Ligand SMILES: [Zn+2]
């Protein structure tokens, strides 16, 4: 006899009534008597802080030192590039390439070595036009990671993903938490990552795309979760923290709804690289 899974609700209904009349809503396999109960439980369950959490700055990559260590260039060449970088305004890798001291492959392989991952010399952006992994463009922008295919290895779903250096470890953890896939990471150049992001989901019809919403408080997020759950009747709810965002996915037979919660801020205050995408 199902009891409402909301901790402060005493409602129960006879099993046949729930099953046959399709009363209530299921979230992660638990029965709730009403959308109000889903909303209050979601709000408690979501561990969204009221203010944006501090971001530790990523340490800069000592690319010059890496390349010297790999035997690709000399320290005199790094010194020269560091000086001429002042006038060209290029990043060190690009400056070394402009000077003709290294090629794209040498830079990629040094960065991949440092991160302990493999790399792809080239990648055809058309491989992501059908949105492998079923994400949307806002999600891959927020992650800084693009799924390039999914496969099953020894009964485990694996998502093969591309990213640029430095490897965004937090984003990969979030991706695993929200999709249930293991990830296999390949490093690509900044240019190739940008091309993949631009091509991702280009061939997916608008009506079957992941729906994306942005909000800045958890009350609103909980309300929307309840709405989506009510439409679908039976959903799974996953969340991951992806500083400065909390990323929430509600998956049901209706499709996938993604929510980005930006505590203490608005969509407009989110860094340009996160928000500068076209909503579907
Ligand atoms: Zn209830």
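In the working numbering, the protein residues as written are 45 to 324. Cβ coordinates follow ideal geometry from the N, Cα and C atoms, glycine included. Nothing here was measured: the structure is a model prediction, and the numbers come from that model.
Let me know the beta strand (DSSP E) ranges lying completely inside the segment 158-231, each 3 residues or longer, listed in chain order.
Taken in chain order, the complete beta strand (DSSP E) segments of 3 or more residues contained in the segment 158-231 are 189-197, 200-207, 226-231.
Closer than 6 Å: residues whose CB approaches a heavy atom of ligand 1:
My final list is 48, 50, 53, 55, 76, 77, 78, 81.
Contacting residues, own chain, Cβ-Cβ under 7 Å from residue 173 (five flanking each side not counted):
As a first step, residue 173 must be located in the chain shown, where it is residue number 129. Around residue 173: 243, 246, 247.
CA nearest to the CA of residue 218, picked from 210, 284, 145
Residue numbering aside, residue 218 sits at position 174 when the chain shown is read from its first letter. Of the candidates 210, 284, 145, the residue whose Cα lies closest to the Cα of residue 218 is 284.
Quick one, are the C-beta atoms of residue 230 and residue 215 less than 9 Å apart?
Working through the chain shown from its first residue, we reach residue 230 at position 186. Working through the chain shown from its first residue, we reach residue 215 at position 171. Contact: no.
Roughly how far, in whole angstroms, is the beta-carbon of residue 286 from the beta-carbon of residue 306, given that I think they are within contact range, below 8 Å?
The residue labelled residue 286 in the question sits at position 242 within the chain shown. The residue labelled residue 306 in the question sits at position 262 within the chain shown. Actually they are not in contact, since the Cβ atoms of residue 286 and residue 306 sit about 11 Å apart, beyond 8 Å.
Whole angstroms are fine: how far does the CA of residue 303 sit from the CA of residue 77?
Numbered from 1 along the chain shown, position 33 holds the residue referred to as residue 77. Numbered from 1 along the chain shown, position 259 holds the residue referred to as residue 303. Going by the C-alpha atoms only, they are around 24 Å apart.
Alpha carbon to alpha carbon, how far is residue 58 from residue 97? Give it in angstroms, no decimals.
In the chain shown, residue 97 corresponds to position 53, counting from 1. In the chain shown, residue 58 corresponds to position 14, counting from 1. Because the pLDDT at residue 97 is just 49, under 50, the model does not fix this residue reliably, and the value given afterwards should be weighed accordingly. Cα to Cα, the separation comes out at about 44 Å.
Do the CB positions of residue 192 and residue 176 come within less than 9 Å of each other?
To locate residue 192, count along the chain shown from 1; it is residue 148. To locate residue 176, count along the chain shown from 1; it is residue 132. Yes, Cβ-Cβ distance for residue 192 and residue 176 is below 9 Å.
Start-end ranges of the alpha helix (DSSP H) lying completely within the segment 261-286, minimum 4 residues
Complete alpha helix (DSSP H) runs here, min 4: 262-276.
Would the segment 266-275 and the segment 80-90 be scored as touching if the rule is three or more Cβ pairs under 8 Å?
The segment 266-275 vs the segment 80-90: in contact.
Straight-line CA distance for residue 153 to residue 184?
As a first step, residue 153 is located in the chain shown; it is residue number 109 there, counting from the start. As a first step, residue 184 is located in the chain shown; it is residue number 140 there, counting from the start. When rounded, the distance between both Cα atoms is 23 Å.
Buried versus exposed, by CB contacts within 10 Å (16 or more), residue 146
Here residue 146 refers to the residue found at position 102 when the chain shown is read from its first residue. By the beta-carbon neighbour count (other beta carbons within 10 angstroms, threshold 16), residue 146 is buried.
DSSP three-state assignment for residue 97, whether helix, strand or coil:
To locate residue 97, count along the chain shown from 1; it is residue 53. Because residue 97 sits at a pLDDT of 49, beneath the cut-off of 50, its placement in the model cannot be relied upon, and the point is left open.
Going by Cα to Cα distance, which pick from 294, 255, 195 is closest to residue 90?
In the chain shown, residue 90 corresponds to position 46, counting from 1. The option with the nearest alpha carbon to residue 90 is 294.
Quick check on this structure: which residue in 227, 66, 88, 131 has the alpha carbon closest to the alpha carbon of residue 21?
The chain is shown only over 45 to 324; residue 21 falls outside these bounds and no answer can be derived.
Tell whether a beta-carbon distance below 9 Å holds between residue 118 and residue 179.
As a position in the chain shown, residue 118 is number 74, starting the count at 1. As a position in the chain shown, residue 179 is number 135, starting the count at 1. At least 9 Å separates the beta-carbon of residue 118 from that of residue 179.
Does the beta-carbon distance from residue 212 to residue 189 come in below 9 Å?
One-based indexing of the chain shown puts residue 212 at position 168. One-based indexing of the chain shown puts residue 189 at position 145. Cβ atoms of residue 212 and residue 189: closer than 9 Å.
Cβ neighbours of residue 52 in the same chain (closer than 8 Å, five flanking residues each side left out):
Residue numbering aside, residue 52 sits at position 8 when the chain shown is read from its first letter. Answer for residue 52: 84, listed in chain order.
Run the CB neighbour count on residue 259, radius 10 Å, all protein chains shown included, and call it buried at 16 or more, exposed below.
Position 215 of the chain shown, counted from the first residue, corresponds to residue 259. Buried: at least 16 other Cβ atoms inside 10 Å.
Range covered by the beta strand (DSSP E) that runs through residue 296
Taking the chain shown and counting its residues from 1, one reaches residue 296 at position 252. Per DSSP, residue 296 is one residue of the beta strand (DSSP E) stretching across 289-296.
Using 10 angstroms around the beta-carbon of residue 127, count the other beta-carbons present and answer buried if the total reaches 16, otherwise exposed.
In the chain shown, residue 127 corresponds to position 83, counting from 1. Counting Cβ neighbours within 10 Å, residue 127 comes out exposed, since fewer than 16 surround it.
Using a threshold of 9 Å, state whether the C-beta atoms of residue 69 and residue 279 are closer than that.
Walking along the chain shown from the start, residue 69 turns up at place 25. Walking along the chain shown from the start, residue 279 turns up at place 235. Yes.
Within 10 angstroms of the Cβ of residue 195, are there 16 or more other Cβ atoms? Answer buried if so, exposed if not.
Counting from 1 along the chain shown, the entry for residue 195 is found at position 151. Exposed, by the Cβ-count rule.
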